[in-house]
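Take a look at the structure set out below.
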Amino acid sequence: MNIQDMKKQFVKDLGQTGSQKDLEVLRVKYLGKKSEIYSSLRSLGQLDHEERKVMGAALNQLRGEIEAGLKSQEYELAQKEQTVLDFSEPGKKFEIGHKHPITQVYEELFEIAKTLGFSIADGPEVESDWYNFEALNMPKDHPARDTQDSFYIDESTVLRTQTSPVQIRYMEKHKPPIRIVVPGRTYRRDNDMTHTPMFHQLEGLLVDDRVTLADLKGVLTVFAKGIFGQDRKVRFRPHHFPFTEPSIEADVSCGLCGGKGCRSCKYSGWLEILGAGMVHPNVLKNVGLDFKKYQGFAFGMGVDRITMLKFDIDDTRMFFDNDLRFLEQF
Amino acid sequence: MRIPISWLKEYVEVKSVKELSDKLTMSGTENEILHAEKGDFEKIVVGEILEIKKHPNADKLQITKTSVGKETLQIVCGAPNIKVGQKVPVALVGAQIGEFEIREAELRGIKSHGMLCSESELGISDDHSGIMVLDPRAKVGESLGNVLGLPEKILDAEITPNRGDCLSMIGIARETAVVTNQKLKLPQIKIQEAKEKASDFLSVEIKDKDLCRRYIGRVIKNVKVGPSPQWMQDSLSASGVRPISNIVDVTNYVMLEMGQPLHAFDAEKISGRKIIVRRAKKGEKIETLDGTVRTLNLKDLVIADDKKAIALAGVMGGANSEVTDRTKTVVLESANFHPTSVRKTALSLALRSESSARFEKGLPLQLTEEAADRAAALLAEIADGEVLAGKVDMGEKKDKETKITIMFNRIETFLGENISPSRAIEILTRLGFQVSDKTKDRAVFIVPYWRLDVSIEEDLFEEIARIYGYENIPSTLPEGVLPIYEVDKKNEVSEKTRDIFTALGFYEVLSYSFTNKEKANVLKKDNDLVKIANPLSQEQEFMRKDLLGSSLEIAAKNNDYKRGTIKKIFEISSVYTSKTELMKLSGFVFGEEAEEVFRQSKGSLEVLFNTLGVAIKLKDCKKNEAVIIADKNKAGSFMILDSTIMEKFKVKSKSACFFEIDMKILAKAVKVKKYQNIPKFPGSERDLTFIVDESLRVEDLDHAIGSLKSSILESKEAVAIYRGKGLLPDKKSVSIRFIYQADRTLTDQEVDDDQTEIIKLIKDKFGGEVRGGKG
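Chains as they are written, first to last, in this note's numbering: chain A, 1446 to 1775; chain B, 2 to 776.
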């Protein structure tokens, strides 16, 4: 076979290879010890000088071309073989855990609180009547105690009904300026779809010599939008708590209907998320602060409720049922 | 409190219920409109069907021409009952039907400009069989509301505990007048009194003046007991009070109108025609109007005659003095009882009522008289009664006037909005406050008698702000010096723990702090438990002393979840004793393979401690239980649970591991990690596997190797334990990884020498055979 024919034949053969194995067969056929090129090279010596020179160069060039052809086809085939991979095959299943949705919301709230300069404080859950009620301007037989049906340990000890007693404990030990948030468990004698006997609050307290109701609005807006999203609206309504004056409640616009009104927000377009107010002078008096000099505000949010709203959970009892099929969703 | 709008309109004009509802909510009387689903027939008018044609493209639809007065509309309708000439309700474009707003529409190619309505679509009844056909006399184009009468609209308001004055129609009317800028019209009270004097008929004695500050008795003779007029029955029903008889209805009506609870006695049943207000005697009994005999104690206040108790003051009347069909003369009681006394009696007898709810919040003394007069006038009017002249009026007559000074400059420093003094005065005046004195810097206000809740300057700020509108006060951020940021280490470590444990596959659980006695104290170190005096149930009676009970309970609950795998849960919560509350981290790992359960549990703790920069050690203390040592301190316990306890708590897994760590101790041990120089010279890693007696502890093996004090051995760690196939039953293999490192390049020879020494030691000391090493 002459060199041109050999080259043609090789190109044809190469075009028909579909795998590395086919290539190996070609390699043997064209470059192996039994190949025509090999034997031609071996028999070069039988030719005369000029012929040998020409033929040698031609054969070597052919061999180079064949090697290059094989190499490039090898790359092509490798490329093809790679794209054969099925991307719908599964990834490795890592067994990861899940944070409870309530603590996820707490962690978000802490982040917001920190950016506003609030430290995190805590206090006991088994609390004296004084800290839980009296120091907060709720003397015995105050009608507002009705809204907080308490668990009693004995006559003067309760399971705290709110995180507010930590306000008192903190102010007893620290001088203004004060900025704290207090997470924790709280307890009231309720049990239904929207109430569990144990629930979670986040208390906030800020006391300084120049604090206004407008500041309270600002801080609560940062919290509400931080947790629900910047596109949500926030509104403030007057309310009543014994330990703040004035007292307010804050609502965010309903996320389901965008504020138009739906079943979820009882057609009001708003969802209540927290209570707050300017610290009552009696509370400041009770911790020995000069209420002429200092003013402050406090707020309390129901973290369970906020978590329900955020994740669209309709039964608060799910939080403490600890069904792993519930927890793995968060 | 339910506020029927039609009733409210007697005192103040209401233009738009929706607007009123919003304004009341935004000024502190949170409410919702009841019966809102019925709508108010806005944009729904009387139409007359002029023409009916078949729809070309739909069998069930017809095309009507319907006149609505000013124009004639083409409306497509699917109801079978329509006929030319009928008067029907037409919802115009823009009307609200249920949740839908009527728009121009095309129904199968034919334009429709409105909708003919059925009774169910209008919310009038459930009848949706066809279009509602109106009285032929109805005027075309007239609003449907005028033809049918508007459905009664009721606001359901939540009255905050401080605003007892708003537990009345007049109280709400006062608020309405202020927030909607309308005039308040109070009822005119005119009584035609008889010649006979009430004081000649009745005497009143208040024995316990601390519990009853004022008591007024009025006497109405010759009443005709019967049903009250329809308007009164409607008002009561709309307010949620059942009409009974004209006498009782008047007392309820005035209570709802003015907020002062009243009571009517049958005068003939009052022995000696004498009313005595006194504390009950111990064990004194009274049968109340609901037919129950109640046993009283010294704290309860009763209304008595000269022989017996005839009513529970402010809570409920007695059966023995009840007004009946035969009653001729009525003694009307209007009194001011002590809030706490009424509250306690109502609570202890489980008899909360509309009446006690109002007394509990406190009532002004002036109201006692106004309400007595109002009720007497109504009894004369609707029961043909003869009101005896004057009233028997005992006790104080008026509350002390409250005066509050407001400093104008504080309005801005408190509210953060510069509201001018004149605006502030205007708001307060409209709310009934009177200026008694005023300078450039301050004003003194007299609080209206019905506002018992207002006593300090801050209260006035609230009044100003809520009428000015919270939405009109800006949102700012606090100025001032930032306090020093205090790091709450426990919280910080808790957050890190959650991150690490969830990465390791643990699910975070949160369980109740209280449980039953058994689950509250599974570890039983002692019996110092915190007991709840009034638990919701025995299942929630004790505060947890450890978290094991809850963990087992949760494990059992999730028996069937991902069966056969290792499941891991953790909780960070407090545990309680009578003296302390400690925040604990608990972990519970459960599954089928004991060794894997143990390894994952211990391994997770090692990752946690390592990340926190704390050394961890488990020190055996008793069978299947170890103490967790954080650096040098006892931080908690670690245990393998036995099958007895697992069965008891119905956990189906074969094995489980539980650990509990004191977060305070862990947080204290946390260290910031310091950088260690990375070795400049290559190290050498060798593994050796020893076959040793089962009884030989890994720790002892480790100590022995350590005792050689090799200068080039950087670290050694047991990396695998094997038991079973290929080994005798009392043997195990322990693989140890050795890392050699020095400030120079190590030669193979010196590492080999060290390994040989170790192999010899293990053989000599423990009889351990090396199973083959690799370099």
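Glycine included, every Cβ here is placed at the ideal spot set by N, Cα and C.
Residue environment, residue i, which counts as buried when at least 16 other CB atoms sit within 10 Å
i, result
"B/R499", "buried"
"B/A265", "buried"
"B/D621", "exposed"
"A/T1641", "buried"
"B/E38", "In this predicted model, B/E38 has a pLDDT of only 43, less than 50, meaning its place in the structure is not dependable; the value taken from the coordinates is given anyway. B/E38 comes out exposed."
"B/G725", "exposed"
"B/H114", "buried"
"A/G1460", "exposed"
"B/K88", "buried"
"B/V85", "exposed"
"B/L313", "buried"
"B/F434", "buried"
"B/K526", "exposed"
"B/T346", "buried"
"A/F1455", "buried"
"B/P484", "buried"
"B/L9", "buried"
C-beta contact flag for residue i and residue j at 8 Å
i, j, result
"A/V1571", "A/P1621", "no"
"B/I428", "B/I465", "yes"
"B/D209", "B/V278", "yes"
"B/E572", "B/V510", "yes"
"B/M259", "B/R375", "yes"
"B/A178", "B/V47", "no"
"B/V94", "B/G142", "no"
"B/R295", "B/L350", "yes"
Segment limits, beta strand (DSSP E) that includes residue i
i, result
"A/W1715", "1715-1724"
"B/G506", "Per DSSP, B/G506 belongs to no beta strand (DSSP E) and is neither H nor E."
"B/K635", "634-641"
"B/G588", "582-592"
"B/G165", "B/G165 -> no beta strand (DSSP E), and no H or E assigned at all."
"A/Y1475", "No beta strand (DSSP E) holds A/Y1475; the alpha helix (DSSP H) holding it covers 1465-1476."
"B/D250", "Counting along the chain, B/D250 falls outside any beta strand (DSSP E), though it belongs to the alpha helix (DSSP H) covering 247-259."
"B/I485", "Neither: B/I485 is in no beta strand (DSSP E) and is coded neither H nor E."
"A/T1689", "1689-1698"
"B/P90", "88-92"
"B/E402", "Unbroken run through B/E402: none, as it is neither H nor E."
"B/Q63", "63-68"
Start-to-end residues for the alpha helix (DSSP H) that takes in residue i
i, result
"B/E596", "595-613"
"A/Q1449", "1448-1460"
"A/R1630", "Where A/R1630 is concerned, there is no enclosing alpha helix (DSSP H), although the beta strand (DSSP E) it sits in stretches over 1623-1632."
"B/K345", "340-349"
"A/E1607", "Per the sequence shown, the amino acid found at residue 1607 of chain A is Gln instead of Glu. Here A/Q1607 belongs to no alpha helix (DSSP H), and DSSP marks it neither H nor E."
"B/A705", "699-708"
"A/T1666", "1658-1673"
"B/V148", "145-149"
Proximity to residue i [Cα-Cα], best of the options
i, options, result
"B/K270", "B/T328, B/A281, B/G260", "B/T328"
"B/F610", "B/F599, B/V673, B/E596", "B/V673"
"A/F1555", "A/A1669, A/F1765, A/D1696, A/N1727", "A/A1669"
"A/D1635", "A/T1666, A/G1674, A/D1594", "A/D1594"
"A/A1743", "B/D374, B/A390, B/R424, B/P479", "B/P479"
"B/F739", "B/I760, B/K733, B/Y723", "B/I760"
"B/D489", "A/P1628, A/V1550, A/G1463", "A/P1628"
"B/F767", "B/I706, B/K286, B/R467", "B/I706"
"B/Q367", "B/S354, B/N32, B/E387, B/S335", "B/S335"
"B/I276", "B/S22, B/V628, B/K497, B/D394", "B/D394"
Any non-hydrogen atom of the ligand MN within 7 Å of residue i CB
i, result
"B/D460", "No copy of the ligand MN occurs in the structure displayed, which carries no ligand at all."
If you scan the segment 1535-1581 of chain A from start to end, which runs of the beta strand (DSSP E) of 3 or more residues do you find wholly inside it? 1571-1573
Which ranges does the beta strand (DSSP E) cover as unbroken runs of at least 3 residues, wholly within the segment 1719-1759 of chain A, from first to last along the chain? 1740-1747
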